[in-house]
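*Asks:*
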Amino acid sequence: MLRELTRLAAQEGRATVRPGDLVRGTGLARSVVDRVVATLEQLGYVTLDGRDIGLAVRLMELGNAYLAASGLPAALGPFAERLADGLDESVSVAVPDGGGVRFVVQVTRRRTMSLAFRIGDLLPAERCSPGPLFAAEWSGVDWAAWRARRAGDPLDTAFPAVPPRHRPDSGADFEARVKEAAHDGWATDDQLIEPGLVAVSVPVRDASGRIACAVNVVSHTSRHDVDSLRAAVLGPLGAEVPAMEAALAAPRRRPAVLAASTASTASTASTA
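For the sequence shown, the positions run 3 to 274 when our numbering is used.
#1: Could you spell out the range, first to last residue, of the alpha helix (DSSP H) harbouring GLY198?
#2: Give the list of continuous beta strand (DSSP E) stretches no shorter than 3 residues that lie fully inside the stretch 30-117.
#3: Between the C-alpha atoms of VAL107 and ARG84, what's the straight-line distance to the nearest angstrom?
#4: Could you tell me which residues DSSP pairs with ASP191 in its beta bridges?
#5: Check whether the stretch 84-97 touches the stretch 138-145, taking contact to mean three or more Cβ pairs, one atom from each stretch, closer than 8 angstroms.
#6: With distances taken between CB atoms, is the gap from SER131 to ASP171 smaller than 7 angstroms?
#7: Given LEU260, which residues of its chain have a CB within under 6 angstroms of its CB, disregarding the five upstream and five downstream residues?
#8: Following the continuous beta strand (DSSP E) through ALA214, name the residue where it begins and the one where it ends.
#9: What is the DSSP secondary structure of PRO126, counted as helix, strand or coil?
#10: For ASP87, is the classification buried or exposed, using 16 other Cβ atoms within 10 angstroms of its Cβ as the cut-off for buried?
#11: Could you give the distance in angstroms between the alpha-carbon of ALA241 and the alpha-carbon of GLU6?
Right, here's the structure in full:
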């Protein structure tokens with residue numbers, strides 16, 4: 003329900019929607035939509051004005067809670083900043099989300115066009131450079147879900163962060179890119195997100211060896227084609243990844259306020 007609300011808001015620029023819009027978009031019965039909307043209003047995630055349903059600012063809590071809990075921005079943000087400064091290109095960190103990719107860190111540079119996607123946006127795995135890296139670890143169930151999603155939405159209309167496709171494709175190109183990514187250890191995007199943008203991604207692995215996230219460098223065709231970008235950034239990316247993986251594996255420090263509060267509570271308990 004929230005996904006459909008955000009899709010309508012982002013893709014169609016609508017500040018509010020009607021229950022009928024959600025019925026059509028989700029396929030749920032009107033009674034179910036009404037109950038879910040009422041619950042979301044009680045939680046403070048939507049606002050109601052007669053029959054008009056709007057997104058509430060409190061929704062930001064959900065995204066911020068994930069970012070804080072994951073620790074990725076705090077751990078990897080400084081590396082993204084350093085890469086962006088050294089390369090003078092935009093750098094992002096992305097995580098897998100089902101058959102898609104979400105960006106959780108983004109450091110933009112002026113040489114790149116204004117990016118259509120922002121922190122938290124969901125992109126199809128086949129239309130960005132981190133996607134083939136993540137898909138290289140998909141199970142048969144994951145691939146089946148990806149194919150079902152593409153069959154149901156061949157033009158990517160459920161992804162407001164990217165322009166809809168003009169025509170469907172078979173998906174064979176993505177499967178070939180996944181095999182190449184598994185072999186090469188990197189993946190590229192040659193204007194798949196939007197015309198003019200090219201990108202290169204490399205994986206960042208957790209302690210078990212699985213891919214935790216990907217670091218992604220984005221440039222513009224006025225500065226690089228995909229081959230020259232790859233030649234320019236693979237070395238610096240490869241030099242940073244071990245430190246990024248070490249940062250992910252390091253024990254996370256609690257915020258100072260929380261640590262002080264915990265210490266105070268412990269002191270009070272011991273005195274008692």
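Glycine included, each C-beta is placed from N, C-alpha and C at the ideal position.
*Replies:* Answer, in terms of the structure:
#1: Looking at the DSSP string, GLY198 is not in any alpha helix (DSSP H), and its letter there is neither H nor E.
#2: 48-51, 54-57, 92-99 and 102-109
#3: 13 angstroms
#4: ALA201
#5: no
#6: No, Cβ-Cβ distance for SER131 and ASP171 is not below 7 angstroms.
#7: Unreliable placement is indicated for LEU260, whose pLDDT of 38 sits below 50; the coordinate value is still reported in the next sentence. Counting only Cβ-Cβ distances below 6 angstroms, and skipping sequence neighbours, we find nothing.
#8: 213-222
#9: strand
#10: The residue in question, ASP87, is exposed, as its Cβ has fewer than 16 Cβ neighbours within 10 Å.
#11: 41 angstroms
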